[in-house]
Structure formats: C-alpha cells, structure tokens
Amino acid sequence: AQSVAQPEDQVNVAEGNPLTVKCTYSVSGNPYLFWYVQYPNRGLQFLLKYITGDNLVKGSYGFEAEFNKSQTSFHLKKPSALVSDSALYFCAVRKGNTGFQKLVFGTGTRLLVSP
Amino acid sequence: DTGVSQNPRHKITKRGQNVTFRCDPISEHNRLYWYRQTLGQGPEFLTYFQNEAQLEKSRLLSDRFSAERPKGSFSTLEIQRTEQGDSAMYLCASSPGEGQPQHFGDGTRLSIL
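Those sequence lines, one after another, are chains A and B.
Heads up: the first sequence is residues 87 to 201, going by my numbering.
Heads up: the second sequence is residues 1174 to 1286, going by my numbering.
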C-alpha cells in the first residue's frame, strides 16, 4: 500500500530565508510524486511533480523538490520564502506505470513565513 | 481554462437526509476524481472516472455513496441517509491524461446537523 509521511506539522521561517518542507513516501514500484498547496477554504493547487528524469524538479512560484530514491524522500524547497507562501502543503504519491490513479496524500505541513 | 467547478460550495443538512454534489471538470479532461478531506487531514481518495467509466472505488465509498459521470463530462456524488461522520469537504479533481497532475476544485463543505 502507498503511504506518505510529512513529519512536521508546522514549519516556521523568516521571509527571505530558504525553506524546506519534508516528505517521505512508501510505494511499490516507481513512484509518481506531487506537491500541492492549499489556502483556507480552497481546493488544492498543483505545485510540481516527479514522474521520471532529473531528480531536481522545478515548479510554480519558485518552488522545487528533489527526488531521492535511496531515502524515499521528496522534500519541497524554496531559496527565499515570501509571506504569501504561508499555507498548508501536501505531498502525494501514486504508483507509477500502472492504471491505478489513486493519489495518497500526507497529513500536510503548515508553513508560516514571518515578515 | 476555467478550472474545476463544484456546486454547492456549502451544504448543511439534517442527519438521515440525502445530498447530491456536482462537479464540472476542466473541459476536455477525460479523467475525474472525488476525494474527501476532514479537518487536519489530507484528502482521501474516493473514486475515479475515465470518461463515463468508473474504474476505481475506495473502500471508503460505502453503499450509501454513489458517483456517476453519465456522459463523460460533469459528475455527481450522492450520499444517502447522511451520518455525522459524513461531515467533510468533498473535493473533485480532473486531469487530461496519464501522469498529468490532478487539478482540484474548491470543494463542497458538507455539515450534518
């Protein structure tokens, strides 16, 4: 069965500093990995994905993530945080190269960027 | 690209009543998904359609839940005989093909009195 762990309920960072939101996953076979962001009372917005290819993936709003197969991790990063980045971030995984479409999400990490 | 549209945004109903939610996916997205999200949790997969065919169903989708996508366009999710535990945000998503990201609507928040 697939699973995702986001070990930090909340990450605090000062504006202008780099940020990292951690994610580890478990899935049989090749993973498809995704990061989404959610603002209050809204749906999830897609940030970036890893399907295959380069381990460093660049996405929307200056975010990037690094796929590490040996550590089964897919941490989200941004070199310089903005106050407007404050939101709830979800990592998700599904089995790759199969017909199964089910995305399994982590419990989310709240990012708080202080001015 | 007008985004995924869900209606209503909020639904308040009494326990035991039936409710139906609608999802209009992004046009030309042939894949449609329903998820449920409770407070403090990530979304949980409920079901998946490719065109009009329902290809995956979670065990979370009890016999009180039914989803349809009759012409491969919009979809409806019906909950019969609602229970307190059904209170949640119900999210719909669509995607254009294999490996492509799912794009989510803003959800329908269901509150059971």
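Idealized CB from N, CA, C, for every residue including glycine.
Reduced DSSP category for residue i - H, G, I as helix; E, B as strand; rest coil
i        : result
S1248(B) : strand
Y118(A)  : strand
D1143(B) : Not covered by the structure: residue 1143(B). The range shown for chain B is 1174 to 1286.
S146(A)  : helix
V1177(B) : coil
Cβ of residue i within 8 Å of any chain B Cβ
i       : result
Q187(A) : yes
G233(A) : Chain A is shown only over 87 to 201; residue 233(A) falls outside these bounds and no answer can be derived.
F176(A) : yes
G148(A) : no
K135(A) : yes
F120(A) : yes
F191(A) : yes
N132(A) : The sequence shown places Phe at residue 132(A), not Asn. Taking Cβ atoms only, chain B reaches closer than 8 Å to F132(A), which makes this a yes.
Chain A contact for residue i (CB, 8 Å cutoff)
i        : result
P1172(B) : In the structure displayed, chain B extends from 1174 to 1286; residue 1172(B) sits before or after that span and is not available.
R1188(B) : no
L1264(B) : yes
Q1227(B) : no
Q1214(B) : yes
R1204(B) : yes
G1272(B) : yes
Residues sharing a beta bridge with residue i, DSSP
i        : result
N98(A)   : L198(A)
S1284(B) : I1185(B)
E1217(B) : R1209(B)
Residue i: contacting residues in chain E (beta-carbon distance under 7 Å)
i       : result
G129(A) : The structure shown contains no chain E; the protein chains it does contain are A and B.
Original post:
Taking one C-beta from the region 1202-1218 of chain B and one from the region 1262-1282 of chain B each time, how about it: are there three or more such pairs within less than 8 Å?
Top reply: yes
Subject >> Contact between the region 1181-1199 of chain B and the region 146-162 of chain A (3+ Cβ pairs under 8 Å) >> reply: These segments do not touch.
**OP:** Taking 8 Å as the threshold, find out whether the region 112-120 of chain A comes into contact with the region 168-179 of chain A through three or more Cβ pairs.
**Re:** The region 112-120 of chain A vs the region 168-179 of chain A: in contact.
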